[in-house]
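Encoded as structure tokens, the structure appears first; notes follow it.
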Amino acid sequence: MKEISLKGKKAVITGGAKNMGRIIALELARLGVDIAVGYYKSFREAEMTVKEIQAFGVKALSVKADIRKSSEAEGFVESAVRGLGGIDYLINNAGYFQSADIDKVDRKMWFDALTTNLTGPFFCAQKAAEYMKRQGSGKIVNISSLGGIRPWPKSIPYCASKAGLIMLTQCLAVALAPEIQVNAIAPGMITLPDSYSDEIRERIVKRIPLKKTGKFEDIAKAVVFLLSESNFTTGEVLTIDGGQKLR
Numbered sequence: 011m012k013e014i015s016l017k018g019k020k021a022v023i024t025g026g027a028k029n030m031g032r033i034i035a036l037e038l039a040r041l042g043v044d045i046a047v048g049y050y051k052s053f054r055e056a057e058m059t060v061k062e063i064q065a066f067g068v069k070a071l072s073v074k075a076d077i078r079k080s081s082e083a084e085g086f087v088e089s090a091v092r093g094l095g096g097i098d099y100l101i102n103n104a105g106y107f108q109s110a111d112i113d114k115v116d117r118k119m120w121f122d123a124l125t126t127n128l129t130g131p132f133f134c135a136q137k138a139a140e141y142m143k144r145q146g147s148g149k150i151v152n153i154s155s156l157g158g159i160r161p162w163p164k165s166i167p168y169c170a171s172k173a174g175l176i177m178l179t180q181c182l183a184v185a186l187a188p189e190i191q192v193n194a195i196a197p198g199m200i201t202l203p204d205s206y207s208d209e210i211r212e213r214i215v216k217r218i219p220l221k222k223t224g225k226f227e228d229i230a231k232a233v234v235f236l237l238s239e240s241n242f243t244t245g246e247v248l249t250i251d252g253g254q255k256l257r
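The opening position of the sequence shown corresponds to residue 11 in the numbering used here, with each subsequent residue numbered one higher.
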């Protein structure tokens with residue numbers, strides 16, 4: 011199979027300093043993509059990730075922004091594009107998750123989930139689309155969640171915001187066509203909280219048809235597919251969950 015090459019392309023990634031965002035950034039860098047890493051509080055991790063990216067011989071920079079604020083989301087994209095010299099891809103990866111019973115959900119929890127998981131991605135996409143429309147092409151990938159498809163009663167703000175992100179993906183796909191493709195990825199159980207006991211972990215894995223949790227690399231490879239070979243796909247949600255949504 012021919013090795014995919016995205017050499018010379020430029021990607022902007024929110025929440026790219028650590029965890030899933032970092033792995034996505036490194037996989038794209040391996041394929042020749044210049045990367046702008048977005049972060050809010052993870053300065054040290056962002057700088058380390060930038061160095062890891064640069065080791066692949068591509069350009070990399072970090073940009074601080076609180077994407078919960080529309081002005082900072084827009085400014086983040088502008089700074090990233092200025093630093094990279096353009097934009098081909100936007101990956102809306104930054105996310106907020108907090109589990110709580112319905113009577114424990116407060117205004118801050120609700121606000122943080124909706125603004126991080128939905129407001130930020132919209133204003134980042136809106137600004138990125140200005141540049142992409144001008145050049146006649148671009149691809150946007152939104153990282154949603156299985157929680158945006160199936161209801162998790164102890165994660166109401168998260169599920170509501172991720173479901174909104176899926177609808178946002180579909181709306182943007184229509185609004186920005188034909189120049190820009192917009193798709194989403196809905197990861198299932200990729201990592202489990204450290205607080206989970208072995209018993210809870212085993213119970214969760216038993217509910218997954220493939221009998222295992224996923225890895226960040228699984229999501230990174232899905233992102234690569236949507237950015238490289240899927241030239242006739244838009245408005246779709248690629249669920250990477252080991253078949254969990256079927257149960």
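No residue lacks a Cβ here, since even glycine has one placed at the ideal position from N, Cα and C.
Remember, it's a predicted structure, so these values are computed and weren't measured experimentally.
Let me check understanding here. Comparing Cα to Cα, which of the options lies closest to residue i?
| i | options | result |
| --- | --- | --- |
| residue 258 | 229, 52, 72 | Only positions 11 to 257 of the chain appear in the structure, and residue 258 is not among them; the question remains open. |
| residue 31 | 183, 117, 104, 58 | 104 |
| residue 250 | 36, 57, 233 | 233 |
| residue 169 | 142, 187, 141, 198 | 198 |
| residue 179 | 90, 50, 100 | 100 |
| residue 229 | 29, 13, 20 | 29 |
| residue 14 | 240, 255, 245 | 240 |
| residue 48 | 164, 123, 83, 137 | 83 |
| residue 186 | 175, 207, 211, 143 | 143 |
| residue 55 | 26, 70, 41 | 26 |
| residue 122 | 136, 106, 115, 137 | 106 |
| residue 145 | 160, 190, 158 | 190 |
| residue 160 | 44, 254, 38 | 254 |
| residue 136 | 34, 85, 237 | 85 |
| residue 41 | 20, 58, 181, 119 | 20 |
| residue 140 | 182, 174, 118, 119 | 182 |
How big is the Cα-Cα spacing for residue i and residue j?
| i | j | result |
| --- | --- | --- |
| residue 223 | residue 80 | 34 Å |
| residue 188 | residue 227 | 30 Å |
| residue 214 | residue 24 | 29 Å |
| residue 67 | residue 22 | 17 Å |
| residue 157 | residue 16 | 31 Å |
| residue 202 | residue 211 | 8 Å |
| residue 116 | residue 166 | 11 Å |
| residue 196 | residue 70 | 27 Å |
| residue 63 | residue 102 | 18 Å |
| residue 50 | residue 204 | 23 Å |
| residue 177 | residue 58 | 34 Å |
| residue 246 | residue 37 | 22 Å |
Determine the extent of the beta strand (DSSP E) in which residue i is found, giving its start and end residues.
| i | result |
| --- | --- |
| residue 190 | 190-197 |
| residue 249 | 247-250 |
| residue 46 | 44-49 |
| residue 151 | 148-153 |
Going by DSSP, what residue range makes up the alpha helix (DSSP H) through residue i?
| i | result |
| --- | --- |
| residue 214 | 208-216 |
| residue 138 | 130-145 |
| residue 231 | 226-238 |
Across the segment 83-98 and the segment 152-160, are there enough close Cβ pairs to call them in contact, namely three or more that are closer than 8 Å? Contact between the segment 83-98 and the segment 152-160 is absent, because fewer than three Cβ pairs lie under 8 Å.
Looking at C-beta atoms only, is the number of pairs between the segment 216-225 and the segment 132-140 that lie closer than 8 Å three or more? No, because fewer than three Cβ pairs between the segment 216-225 and the segment 132-140 fall closer than 8 Å, the two stretches do not touch.
Which ranges does the beta strand (DSSP E) cover as unbroken runs of at least 3 residues, wholly within the segment 72-117, from first to last along the chain? Listed in chain order, the complete beta strand (DSSP E) runs (minimum 3 residues) inside the segment 72-117 are 99-102.
Do the segment 82-93 and the segment 110-120 meet, that is, are 3 or more Cβ pairs less than 8 Å apart? Of all C-beta pairs linking the segment 82-93 to the segment 110-120, fewer than three are shorter than 8 Å, placing the two stretches out of contact.
Output the residue ranges of the alpha helix (DSSP H) runs that lie fully inside the segment 157-186 and measure 4 residues or longer, sorted by chain position. Counting whole runs of 4 or more residues, the segment 157-186 contains the alpha helix (DSSP H) stretches 166-185.
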